[in-house]
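Chemist: Residue numbers (my numbering): 1324 to 1622. Please read through the structure below; I'll follow up with questions.
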Amino acid sequence: MEIRELTPDDWEGEAALAEEAFGAAPAGSPPRTRPAEPPPGRHGWGAVDGGRLVAKVVALEQASWWGGVELATCGIASVAVAAEHRSGGLLAAVMAPLLAQAAERGAVLSTLYPTAPGIYRSLGWELVAALDRVTLPTASLSRVRPPVGVTTRRAEVGDVRAVQELYAAWAAAQNGPLTRTGPRFDRPDAEIHADRGATTLAVDTAGRVVGYASWSRHGGYGPDGVLEVHDLLAVSADGYRALWQVLASSASVAPTLALRTSGADPARLLLPGVTWSPDPAAHHPYMLRVHDVAGALTA
Ligand SMILES: CC(C)(COP(=O)(O)OP(=O)(O)OC[C@H]1O[C@@H](n2cnc3c(N)ncnc32)[C@H](O)[C@@H]1OP(=O)(O)O)[C@@H](O)C(=O)NCCC(=O)NCCS
């Protein structure tokens, strides 16, 4: 058994192992093509048995906000062991060089979304948070108080930087959110803008962006209509009010609003009631491992 860093030549083995563990990509997904170069900020490690990739783990170069400070964070993804090789300790064997390399790059933390916490506990990760999808009746938003001194407009490609700055201001005040910067996020503005989809900005009287909501809708305009809100962030109460009010205007065509959220979301404080319902099928626990206690606490 050989434990080694993965290269673009392992792409087919990686795809086969990913499909075995997590299923095929949904119909209609863009075809995945073999990368010519290792994707920036992505470092895969694997175990190869007789020329076949039988275990893999990927480290992503990220950073996250803790106590108002950006900490270099290794994002762990694509953890899979071939069915016949499970329960044999391969995971720890592949994880060890990957974590050592991440530490050399300066990562003091690592985080992941587990399929089961037990897989990672003995390797040093613990549950600290969750990414959730919650739903609420869009009509309930009609009772959100109108904002004072904040208006809304649709974001354009020229607003990409302002949206990123707003995200950073919001994220720096929380514990855990990624910075959404670094090699994996370094893309042209037009691409970022197109991927974000419809984005509503909340703007104060001085023209400063004080919040944004990115959203899409699915289903029809009857009872199955859903307004799916991917990000809803603001740095003031009136910012949140203005965004909730725009989302409320879809009540007649999208009776359900779904929001991606985490923890004690300040957006909820502006709602007239406490009625949002967690979607049990979209609850993703989040685990943290501190690689370098002194480094993390000193920073
Ligand atoms: C999860 C997976 C990678 C573990 O690989 P493995 O080779 O069986 O792992 P190991 O034998 O090295 O076991 C590592 C630890 O995880 C635990 N573990 C493995 N699968 C588990 C599960 N489903 N639930 C709880 N604990 C589990 C083992 O008991 C062991 O803990 P221990 O050291 O305290 O005894 C493998 O089972 C797999 O590929 N599963 C399908 C894909 C998947 O779920 N990937 C994880 C994505 S987050």
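Ideal Cβ positions, reconstructed from N, Cα and C, are used throughout, including at glycine. In this text, all values refer to a predicted model and were calculated from it rather than measured experimentally.
Tell me the DSSP secondary structure of residue 1389 in three-state form.
Modeler: Three-state result, residue 1389: strand.
Chemist: Rounded to whole angstroms, what is the Cα-Cα separation between residue 1493 and residue 1524?
Modeler: Residue 1493 and residue 1524: Cα-Cα distance of roughly 14 Å.
Chemist: Rounded to whole angstroms, what is the Cα-Cα separation between residue 1415 and residue 1553?
Modeler: Looking at the two C-alpha atoms, the distance is approximately 34 Å.
Chemist: In or out: residue 1324 buried (at least 16 other Cβ within 10 Å) or exposed?
Modeler: So residue 1324 counts as exposed.
Chemist: Can you tell me whether DSSP reads residue 1483 as helix, strand or coil?
Modeler: It is helical.
Chemist: Which ranges would you report for the beta strand (DSSP E) in the region 1545 to 1603 if only whole runs of at least 3 residues count?
Modeler: DSSP runs (the beta strand (DSSP E)) wholly in the region 1545 to 1603: 1549 to 1557, 1579 to 1584.
Chemist: Check each candidate in 1346, 1394, 1329, 1477 and name the one with the smallest Cα separation from residue 1382.
Modeler: It is 1329 whose Cα lies nearest to the Cα of residue 1382.
Chemist: For a test of the three-state rule: what should DSSP assign to residue 1418, helix, strand or coil?
Modeler: Here residue 1418 sits in helix by DSSP.
Chemist: Label residue 1384 either buried or exposed according to how many other C-beta atoms from any shown protein chain fall within 10 Å of its C-beta, with 16 as the threshold for buried.
Modeler: Counting Cβ neighbours within 10 Å, residue 1384 comes out buried, since at least 16 surround it.
Chemist: Looking at residue 1451: is its Cβ nearer than 7 Å to the Cβ of residue 1611?
Modeler: Yes.
Chemist: Classify residue 1398 as buried or exposed, calling it buried when 16 or more other Cβ atoms lie within 10 Å of its own Cβ.
Modeler: That one is buried.
Chemist: On the criterion of 16 or more Cβ atoms from any shown chain inside 10 Å, does residue 1592 qualify as buried, or is it exposed?
Modeler: When all chains shown are included, residue 1592 counts as exposed.
Chemist: Where does residue 1535 land, buried or exposed, given buried means 16+ other C-beta within 10 angstroms?
Modeler: Label assigned to residue 1535: buried.
Chemist: Using C-beta distances below 8 Å, list every residue in its chain close to residue 1598, excluding the 5 sequence neighbours before and after it, in chain order.
Modeler: Within the same chain, residue 1598 has close Cβ partners 1459, 1460, 1463.
Chemist: What is the DSSP secondary structure of residue 1382, reduced to helix, strand or coil?
Modeler: Residue 1382: strand per DSSP, three-state reduction.
Chemist: Using CA atoms only, rank isn't needed, just tell me which of 1561, 1376, 1600 is closest to residue 1407.
Modeler: It is 1376.
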